[in-house]
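K.L.:
Numbering (this note's numbering), first residue to last: 52 to 224.
All C-beta atoms in this analysis are idealised placements derived from N, C-alpha and C, irrespective of residue type, glycine included.
(1) Write down every uninterrupted run of the alpha helix (DSSP H) in the region 118-171 whose length is 4 residues or greater and which is fully enclosed by it, in chain order.
(2) Cα separation between residue 203 and residue 219?
(3) Rounded to whole angstroms, what is the Cα-Cα separation between residue 192 and residue 205?
(4) Between residue 72 and residue 187, what straight-line distance do the alpha-carbon atoms span, to the nearest angstrom?
(5) In the DSSP output, which residue or residues are listed as bridge partners for residue 200?
(6) Looking at the structure shown, is residue 115 part of a helix, part of a strand, or coil, going by DSSP?
(7) Pick helix, strand or coil for residue 205, following the three-state DSSP scheme.
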């Protein structure tokens, strides 16, 4: 058994030094046991999945233009809030907008309207507790009704359903 791991380690060292040369890589794979090939495939697969996780993507619903499903949200609350705020400001959103996690349940609403009736009703609000991220809404300024302020409220507070509001667009000066 020790010999197998020693050979495996030597092959991995060789692989790391000559990974840029496909000829040498092919020779190594031809001389490698099936178990070693499986290990290499698993390692490469893990690396590829890990690299793809980092980019957050906003997918707009084709049915509801004020709905965005977010893929690959950061786990950290501060990072999540920053990503949402940057998206809103960067895309000059000026209408009420909902943000939900992209999931098996919420992706239905990318190309389907809500179906409130019947045995299998599909309503977006049913997924707010697990997949809701934030809600952006606009109010007209008291002194100048031509200007608005945008209030962003994050979901997940167990009592009110929201965290404290965050004013991110303020034209009321």
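P.N.:
Let me lay it out:
(1) For the region 118-171, the full-length alpha helix (DSSP H) segments reaching 4 residues or more read 128-141 along the chain.
(2) What you label residue 203 is simply residue 152 of the chain shown in a count that begins at 1. What you label residue 219 is simply residue 168 of the chain shown in a count that begins at 1. For residue 203 and residue 219, the distance between alpha carbons rounds to 7 Å.
(3) Within the chain shown, the letter at position 141 stands for residue 192. Within the chain shown, the letter at position 154 stands for residue 205. Cα-Cα distance, rounded: 22 Å.
(4) Translated into positions along the chain shown, residue 72 becomes position 21. Translated into positions along the chain shown, residue 187 becomes position 136. Its pLDDT being 48, under 50, residue 72 is placed unreliably in this model, and the coordinates cannot settle the point.
(5) Here residue 200 corresponds to residue number 149 of the chain shown, with the count starting at 1. Assignment of beta-bridge partners to residue 200 by DSSP yields 190, 221.
(6) Within the chain shown, residue 115 is the residue found at index 64, counting from 1. Coil, per DSSP.
(7) The count along the chain shown starts at 1 and reaches residue 205 at position 154. Residue state, collapsed to three classes: strand.
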